[in-house]
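Visitor: Numbers in this note's numbering are just positions in the sequence shown, counted from 1, shifted up by 9.
Just dropping this structure here.
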Amino acid sequence: MIYKDHTLKIYNSLSNKKETFTPIEEGYIGMYVCGPTVYSNVHLGNVRTFMSFDMIYRYLQHLGYKVRYVRNITDVGHLVDDLDEGEDKIAKKARLEKLEPMEVVQRYTLDFHDILNKFNLLPPSIEPTATGHIIEQIGVIQKIIDNGYAYVSNGSVYFDVAKYNEDYEYGELSHRKLEDMASNSRQLDGQSDKRNEQDFAMWKRADPEHLMRWPSPWSDGFPGWHTECTTMSSKYLGKKFDIHGGGMDLKFPHHECEIAQGKACTGHAPVNYWLHANLLTLNGKKMAKSSGNNILPGEILSGKSPLLSKAYSAPVTRFLMMQTHYRSIMDFSDEAMLAAEKGYNRLMKSLETLPKIETGKVSTLDIAEWRAKCYAAMNDDFNTPILISHLFEGVGFINLLKDKSASLTAADLDLFAKLFSDFVYDVLGLGVAFEIYDSRTEKLKGTINLLIEMRDLARANRNYSLSDQIRDRLAMLDILLKDGENGTTFDY
Ligand SMILES: [Zn+2]
């Protein structure tokens, strides 16, 4: 297994440090990533978050780990203000559009899958939904009540943060102290069912007009947002698992609450490594629909946005995203996409020429050293921008090899090509689109070769008008024929 030869360092948001990664069970990894709330088209920032974890999932598998990757679909319980007030996001959309809540869920789950598929994200191993796990969530809530860390109030169930904080430390992930949170928060107005402002809902009693409701021991109602992730992660990955990921904005309160619920259930931390992907800005500013500074992932592919000069392919978009480290803020702009397109095309054109390189008797390039640098970048908290800079060093190698200013033995050339393929296609995920491109390229090459044969035949028959016509028509398509000693070759 490759992982035995590597020391992988991962930045853990819990310790705010890079730590050496050791899975609970050798060779196996459990990874949970908070999925989307499916009430609108997937946001470009979300695509970036899920793409970051897709890259991480791909690299862990590349290292030879067997990864169970669970990413949920939130289809109930996420309220408009992210805390415990306001309408359910899905119910609100359903009301505004006169749809069943499950129609909203279906529509935007399909959109989410479609977009992620276009950007070549691998599907997770399990994709559970909150509404599919109501019974399990009721079980988790009951356990926390039984353990003394939650209370029932007017048909709703709240997590008792103050009680929890006596035995554990609430705020350990977001590095906040409960005392500070308490003094900064507004006072309860006497209308609330909560004992304290920091308490969060695990079950909410539904008003009579509320559409999404299930029976429970406490009331007809619905689960709180944080409960589903605790429930589904422990169901599929166990009471303690290796990696939990999500967007930076989920650190508080969502992930903080997940840790509290996990400890309140089992007495121990539910997760060893917490990973957070950073935000995406558009033209240097936060994306917001209201200001028009907003772009949907599908609009990049169609080019139908006033913020873009043209359409861009999904691999180019992916290449741009991979050029920023997942923990850094990434800025998306038309200029950045134009530059990414140039870089991406340069990389791919160079890779295309790799199979044509002839082997030499000796290696004058140090492929082992280059390999070590590529892995060192990825082992340093998945540093894809550094990896990409090494890949461009590899492009420089290809140019030297083409010019015959350098040479590689057959074994080194094989290793070099294999590494390129592993990193570009398998790890960075620039693959599927390229394969499609590649099969089309093969067909195109076959067709051009057929035309060259027909031209040769025409020339053998002294039908020069036909042979010239073939050459000129191909030239009009930017396909240039070159007659040489060993026959005709082409460039396009
Ligand atoms: Zn979650």
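Cβ atoms here follow ideal geometry from the backbone N, Cα and C, with glycine treated the same way.
So, under 8 Å CB-CB, Met330 and Arg57 are touching, yes? Tell me the CB distance rounded to an integer number of Å.
Guide: Met330 to Arg57, Cβ: 5 Å. Contact.
Visitor: According to the neighbour-count rule (16 or more other Cβ atoms, all chains shown, within 10 Å of its Cβ), is Leu17 buried or exposed?
Guide: Answer is buried; the Cβ neighbour count reaches 16.
Visitor: Out of curiosity, what's the CA-to-CA distance linking Thr236 and Leu424?
Guide: Answer to the nearest angstrom: the Cα atoms are 48 Å apart.
Visitor: Quick check on DSSP: helix, strand or coil for Tyr78?
Guide: Tyr78: strand per DSSP, three-state reduction.
Visitor: From the DSSP secondary-structure annotation, give me the bridge partner or partners of Thr83.
Guide: Answer by DSSP bridge pairing, in chain order: Thr46.
Visitor: For ligand 1, enumerate in chain order all residues having a CB closer than 5 Å to any of its heavy atoms.
Guide: Ordered along the chain, the selected set is Cys43 and Cys238.
Visitor: In terms of alpha-carbon separation, which member of Leu125, Ala415 and Ile268 lies closest to His184?
Guide: Comparing Cα positions, the closest option is Ile268.
Visitor: Pick out the complete alpha helix (DSSP H) segments inside the segment 232-261, 4 residues or longer, and give them in chain order.
Guide: 234-246, all fully within the segment 232-261.
Visitor: Where do the N-terminal and C-terminal ends of the alpha helix (DSSP H) with Asn205 fall, by residue?
Guide: Here Asn205 belongs to no alpha helix (DSSP H), and DSSP marks it neither H nor E.
Visitor: Can you find at least 3 beta carbon pairs, one from the segment 284-292 and one from the segment 67-85, that sit closer than 8 Å?
Guide: No contact exists between the segment 284-292 and the segment 67-85.
Visitor: Work out the CA separation of Glu308 and Ile19 for me, nearest whole Å.
Guide: Those two C-alpha atoms are separated by around 34 Å.
Visitor: Identify the continuous alpha helix (DSSP H) that holds Ser165 and give its terminal residues.
Guide: That residue, Ser165, is in no alpha helix (DSSP H); its beta strand (DSSP E) goes Ser165 to Phe168.
Visitor: Could I get the ranges of all uninterrupted alpha helix (DSSP H) runs contained in the segment 303-357, with 4 residues as the minimum, in chain order?
Guide: If we require 4 residues or more, the alpha helix (DSSP H) runs fully inside the segment 303-357 come out as 306-311 and 323-331.
Visitor: Looking at the structure shown, is Asp481 part of a helix, part of a strand, or coil, going by DSSP?
Guide: Three-state result, Asp481: helix.
Visitor: Contact between the segment 121-140 and the segment 51-67 is defined here as three or more beta-carbon pairs at a separation below 8 Å; is this criterion met?
Guide: Yes: at least three Cβ pairs fall under 8 Å.
Visitor: Put Val161 into one of helix, strand or coil per three-state DSSP.
Guide: In the structure shown, Val161 sits in a strand (DSSP, three-state: E or B).
Visitor: Apart from the five residues on each side of it in sequence, which residues of its chain come closer than 8 Å, Cβ to Cβ, to Tyr68?
Guide: Hits under 8 Å: Met387, Phe391 and Val436.
Visitor: DSSP on Val56, reduced to helix/strand/coil?
Guide: The answer is helix: DSSP assigns Val56 an H, G or I state.
Visitor: With contact counted as at least three CB pairs below 8 Å, one residue from each stretch, are the segment 399-406 and the segment 339-346 in contact?
Guide: No, the segment 399-406 does not touch the segment 339-346.
Visitor: Could you spell out the range, first to last residue, of the alpha helix (DSSP H) harbouring Thr393?
Guide: Where Thr393 is concerned, the enclosing alpha helix (DSSP H) stretches over Thr393 to Lys411.
Visitor: Just grab the DSSP bridge partners of Ile135 for me.
Guide: DSSP output for Ile135 lists Val79 as bridge partner(s).
Visitor: Is the segment 164-171 touching the segment 202-212, taking contact as three or more C-beta pairs under 8 Å?
Guide: Yes: at least three Cβ pairs fall under 8 Å.
Visitor: Mind checking who Asn21 pairs with in its DSSP beta bridge?
Guide: Asn21 is bridged to Lys26.
Visitor: Would you report the Cα separation of Glu34 and Gly54, rounded to the nearest angstrom?
Guide: Cα to Cα, the separation comes out at about 33 Å.
Visitor: Quick check on this structure: which residue in Asn303, Gly164 and Tyr177 has the alpha carbon closest to the alpha carbon of Ser228?
Guide: Nearest C-alpha to Ser228: Gly164.
Visitor: So the alpha helix (DSSP H) Asp423 belongs to, where does it begin and stop?
Guide: Run containing Asp423: Ala419 to Ser430, per the alpha helix (DSSP H) assignment.
Visitor: Suppose the cutoff is 7 Å on Cβ atoms and the five residues either side in sequence are ignored; what does the same chain contact list for Ile488 look like?
Guide: Excluding residues within five positions, the ones whose Cβ falls inside 7 Å are Ile457, Phe499 and Tyr501.
Visitor: For Tyr5, count the other beta carbons within 10 Å of its own beta carbon; 16 or more makes it buried, fewer makes it exposed. Which is it?
Guide: Nothing about residue 5 can be read from this structure; the chain reaches only from 10 to 501.
Visitor: Give the single residue among Asp389, Val51, Asn174 and Ser201 whose Cα lies nearest to the Cα of Asp189.
Guide: Selected option, being the one with the closest Cα: Asn174.
Visitor: Cα-Cα, which of Arg471, Lys294, Ala426 and Ile376 is closest to Lys365?
Guide: Of the listed residues, the one whose Cα sits closest to Lys365 is Ala426.
Visitor: Sorted by chain position, which residues of the same chain lie with C-beta nearer than 6 Å to Gly140's C-beta, five sequence neighbours on each side aside?
Guide: Per the sequence presented here, residue 140 reads as Thr, with Gly not at that position. So the list reads Asp84 and Val85, once near-sequence residues are dropped.
Visitor: Return the chain-ordered list of same chain residues with a C-beta closer than 8 Å to the C-beta of Leu88, the five sequence neighbours on each side being excluded.
Guide: Correct list, in chain order: Glu94, Gly95, Glu96, Asp97, Lys98 and Trp234.
Visitor: Nearest by alpha-carbon distance to Ser201: which of Lys298, Met221, Glu181 and Ser162 is it?
Guide: Taking only the C-alpha atoms, the option nearest Ser201 is Ser162.
Visitor: Looking only at its chain, what residues have a beta carbon closer than 8 Å to the beta carbon of Ala159, apart from the 5 residues adjacent to it on each side?
Guide: For Ala159, where only same-chain residues beyond five positions count, the Cβ hits under 8 Å are Ile150, Ile153, Val166, Tyr167, Phe168, Asp169, Met211 and Ala273.
Visitor: CB-CB under 6 Å to Leu475, same chain, minus the five flanking residues each way: which ones, in chain order?
Guide: The residues are Ala467.
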